[in-house]
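In this note's numbering, the protein residues as written are 439 to 684.
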């Protein structure tokens, strides 16, 4: 754990310094008032840390709720499609039709049915993550060697034993790949979704700051989104290392 903690802070420091380095380069090259001084922005973030914490917490809770329900629905569905090929042949065309559809386009429909509150925003993020998870989990389960399945059958393993001891360990890396890919898309979509009937959220903060031409506050929100994405990826990396050690 100590080794992971030191690795985390080393990666965090390197990430922040690299981010600030690119930011400073753009700041000096562009000489545009819309790109604020990074040190001024960091100082403002410390001054307004309570407000930033509220906005960041609201966005984090929405993403965590979407991730939770995506795992609860996506993993069993992917395993089910792998277990029953006939069902897969029926469901897969629908998945392939919905998969490339930009889910942000569904936000007005979701708001019409479920209102302007958090539920419609979480449902939007859920629709982004769950489809990818279903496809990757199904493909991961399909790649399990046939002799492994035969071994479980020879030992008269029950369906739950087959899922717990064979399928879940096999599809776990695919779950992590799905989370890595979808978190970035979810954060981008959350920025769009939080601009409707929302008082707290990083998307709301960035757009409201932009309309007020408060670019320091706007870049504070952008930095918080980058930091939030970094933390999510670090958690996924930790789960991956832990699974390999286990």
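Where is the CB? At the ideal position from N, CA and C, for every residue including glycine.
Rounded to whole angstroms, the Cβ separation of residue 576 and residue 519 is 5 Å, and the two are in contact under 8 Å.
Taking the C-beta atoms as reference points, residue 541 is found no nearer than 9 Å to residue 632. If the five residues before and after residue 568 are omitted, its C-beta is found closer than 7 Å to the C-beta atoms of 508, 511 and 512, all from its own chain and listed in chain order. The Cβ atoms of residue 562 and residue 548 sit closer than 9 Å to each other.
Rounded to whole angstroms, the gap between the alpha carbons of residue 622 and residue 640 is 14 Å. Residue 596 carries a coil assignment under DSSP once its states are collapsed to helix, strand and coil. Below 8 Å, too few C-beta pairs join the segment 582-596 and the segment 526-534 to call them touching: fewer than three. Pairing residue 672 with residue 450 gives a Cβ-Cβ distance under 9 Å. DSSP, reduced to helix, strand and coil, places residue 579 within a helical segment of the structure shown. The beta carbons of residue 663 and residue 444 sit no closer together than 9 Å. In the three-state reduction of the DSSP assignment, residue 534 falls in the helix class. Residue 490 is a Cβ neighbour of residue 483, given a cutoff of 9 Å.
Excluding five sequence positions before and after residue 525, the CB atoms of its chain that fall closer than 8 Å to its own CB belong to 518 and 519, given in chain order. Around residue 655, the same chain offers 482, 486, 643 and 647 as residues with beta carbons nearer than 8 Å, after the five sequence neighbours per side are excluded.
Annotation for residue 614: the continuous alpha helix (DSSP H) segment containing it runs 606-631. Restricting attention to 658, 649 and 620, the CA atom closest to the CA of residue 476 is found in 658. Straight across, the Cα-Cα distance linking residue 538 with residue 610 is about 24 Å. Residue 516 is positioned such that its CB atom lies no closer than 9 Å to that of residue 463.
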